[in-house]
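Residue numbers (this note's numbering), protein chains in the order written: chain L, 184 to 325; chain Y, 184 to 325.
Here is the structure we will look at, set down as structure tokens.
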DNA sequence: TATTGTTATACTCTATAACTATA
DNA sequence: TATAGTTATAGAGTATAACAATA
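What follows is the structure, encoded as structure tokens:
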């Protein structure tokens, strides 16, 4: 196979993959917008099934801890979470308020309705798709 | 299935997909960095197998045309492309210089070597993976 | 001395709007 | 009037570094 052809193949497949990922993100963004919250707020809410230290939320969202403070401020000002003290008095946990739980419930419904993969693939295909994704991650070292 | 479980499923699969997409991007970013060019420059170079109007490159890179001007400036200052006049005297095409072609060649080699999907999946799996990606795109309306 | 969260600031990426020159 | 490229500017999103409180 020519180098040009192989580049084109790798690029096309990558582009396709990224396109699907972007579609997934933009669907989620649309849902967030409909519910009147920024995307990162919505992502945070999804991750707060139980109370989580701000610290940990940063690593879940793959961002710096300094970014969590204003994010938590925003979530708090929307009445979705409260800061609660942890065992270690340095740490604060973010816990959903009842409004936050309602928001999380709405997100849950809409996300499963609108997720491109949930829509397009049946359960068997999803299993196979997921297996390949995991294979890609593990065989690429991380 | 409970709403919580379905949200978790949709979220996990989305997260996995996005993780693989981000891995693909970060591999490409690493390659670009190793070659001493910004990611968008590298993406542009890959797309310039033949000369392309700046206009078209914008839609290929899915960005505004105003972003192409400084990008082209940068590529030009690196000696990778030149602006060549098109038939219509308003349009300018970006064409690789011989240095640009060398850069594209290097990119081609490294990208096919480092692409997580090329590494982890055999040809049959890739075909199946690609088919599912296309299915997701088409059945999700876009 | 190391860690949690906070604050102030700065940076990267990209878009918007107004402009020039062609068409 | 519409289009290609340019320019100046502005905004979103996020990180860095220094700091306070606690361990």
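We treat Cβ as the ideally placed atom computed from N, Cα and C, and that holds for glycine.
Annotation: residue 318 of chain L to residue 270 of chain Y spans about 49 angstroms, alpha carbon to alpha carbon.
Contact between residue 204 of chain L and residue 290 of chain L is ruled out by a C-beta separation of about 19 angstroms, above the 8 angstroms threshold. Remark: C-beta atoms of residue 309 of chain Y and residue 196 of chain L approach each other more closely than 9 angstroms. In the assembly as shown, residue 193 of chain L is a buried residue. Its beta-carbon has 16 or more other beta-carbons within 10 Å. Residue pairing for residue 266 of chain Y: DSSP places it in a beta bridge opposite Y:277.
When DSSP reads this structure, residue 203 of chain L sits in no beta bridge, so it has no partner.
Not a single CB atom of chain L sits nearer than 9 angstroms to the CB of residue 242 of chain Y. For residue 213 of chain L and residue 281 of chain Y, the gap between their C-alpha atoms comes out near 44 angstroms. When 7 angstroms is used as the limit between beta carbons, residue 203 of chain L is near these residues of chain Y: 200, 316, 319, 320, in chain order.
At a cut-off of 9 angstroms, the C-beta of residue 294 of chain Y has a neighbouring C-beta in chain L. Under the 9 angstroms criterion on CB atoms, residue 255 of chain L is classed as non-interfacial with respect to chain Y. In summary, the residues of the region 266–290 of chain Y whose CB is separated from some CB of chain L by less than 9 angstroms are 287, 288, 290, in the order they occur in the chain.
Residue state for residue 299 of chain Y is assigned as helix, using DSSP reduced to three classes.
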